[in-house]
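Residue numbers (UniProt numbering): 1 to 333.
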């Protein structure tokens, strides 16, 4: 008789146990950004809601920022680093093709022997990470650290009027672990690869090798195209995530969408028919768009400000380059 492959047994349910954040020291207002582009503070505020953003200094590397956020999340979960069995990093600004920044993060926090890998799904990466972490805990137990960390300024062209004023740097992290009750719902995810060129790197890395003198690759974005897609498509994805979790908008306490644009957030809130009592994250106003880090940063901000509380039911929705998206319902830590 052929031998059967043994399988591991994990937790029946999972939840987010703790959250942590790191925001770079330097605060950059719209006036400073406008030194490089033809724009105004009033225009930026009216179009995006952004008043300030954080830009990382030379010493605030991806590893440093991630370590700070991760350590806070682990402490908030009531754990020590040796309890972490896997590190998942959501980032697309890690400029080394290999190794994954997740392995450096694991080493920095002292999670000896923990697995580590990166996710490159743009601004949707963090919610992808939550879904994978939940499945990992249900499959084999343990505690998974999910970190969203970006240095967007490393890939920005500060003279590009379509992107220079939007993005900021930072890191946010959560710990996903076992739970006695359901704390993370099914993920609704996908991608519209036909629009992959809506948000993209200006040239591939090999252009630097093949064409001497080629400018360093920078982020490019068709803002209006992304705006229309997000407002129309992501509201439907949000509703699908609520249905997958077996709840309605009336059951929500908080909405934590990717912090891309305040107008997009407001449009989705109206389209979903969210009750006025639901706390809606708008960390973009003071932090800018931090891509893969935006959702955990916004979650931490909601909790720290008292707008949301431990045990609240929240909808997490990420979307971005690819055009990738992921949404799920989770209980806040």
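For glycine and all other residues, C-beta sits at the position ideal for the given N, C-alpha and C.
The Cβ neighbour count for residue 232, taken over all protein chains shown within 10 Å, is under 16; the residue is labelled exposed. With 16 or more other Cβ atoms inside 10 Å of its own Cβ, residue 151 counts as buried. Within 10 angstroms of the beta-carbon of residue 74 lie 16 or more other beta-carbons, which makes it buried.
Going by beta carbons, residue 20 and residue 72 fall inside the 7 Å limit. Residue range 41 to 48 is occupied by the alpha helix (DSSP H) that includes residue 43.
In the DSSP assignment, residue 143 falls within the unbroken beta strand (DSSP E) covering 143 to 151. Going by C-alpha positions, residue 168 is about 59 Å away from residue 1.
Less than 7 Å separates the beta-carbon of residue 166 from that of residue 289. Residue environment for residue 197: exposed (fewer than 16 other C-beta atoms within 10 angstroms of its C-beta). Note on residue 241: 16 or more other CB atoms within 10 angstroms of its CB, so buried under the neighbour-count rule. If you ignore the 5 residues before and after residue 157, its C-beta comes within less than 6 Å of the C-beta of 218, all in its own chain and listed in chain order. Take the alpha-carbon of residue 261 and the one of residue 320: they are about 12 Å apart. Between the segment 253 to 268 and the segment 311 to 331, the count of C-beta pairs closer than 8 Å reaches three or more; the two stretches touch.
Taking the Cα positions, residue 31 is about 52 Å away from residue 10. For the pair residue 110 and residue 303, the Cα-to-Cα distance works out to about 27 Å. Membership of residue 277 in any alpha helix (DSSP H) is not indicated, and neither H nor E is assigned to it by DSSP.
Sorting 40, 4, 58, 46 by C-alpha distance to the C-alpha of residue 263 places 46 at the top. In this structure, residue 54 places its C-beta atom within 7 Å of the C-beta atom of residue 23. In the three-state reduction of the DSSP assignment, residue 19 falls in the strand class. Non-local C-beta neighbours of residue 226 in its own chain, meaning closer than 7 Å and more than five positions away in sequence, comprise 198, 199, ordered along the chain. With contacts defined as CB atoms closer than 7 Å, residue 149 and residue 62 qualify as a contacting pair. The three-state secondary structure of residue 169, taken from DSSP, is strand. Taking C-beta separations shorter than 8 Å and ignoring five residues to either side along the sequence, the partners of residue 44 in its chain run 30, 33, 34, 50, 165, following chain order. The straight-line gap separating the alpha-carbon atoms of residue 203 and residue 216 is approximately 8 Å.
For the pair residue 282 and residue 212, the Cα-to-Cα distance works out to about 42 Å. DSSP places residue 30 in the helix class (H, G or I) of the three-state scheme.
By the neighbour-count criterion, in which 16 or more other beta carbons inside 10 Å mark a residue as buried, residue 155 falls on the buried side. Annotation: residue 70 is outside any beta strand (DSSP E); the continuous alpha helix (DSSP H) that includes it extends over 62 to 76.
Around the beta carbon of residue 205, fewer than 16 other beta carbons sit within 10 angstroms, so the residue counts as exposed. A direct Cα-to-Cα measurement between residue 292 and residue 181 gives close to 28 Å.
Short of 7 Å from the beta carbon of residue 265, and not among the five residues preceding or following it, lie these beta carbons of its own chain, in chain order: 257, 280, 282.
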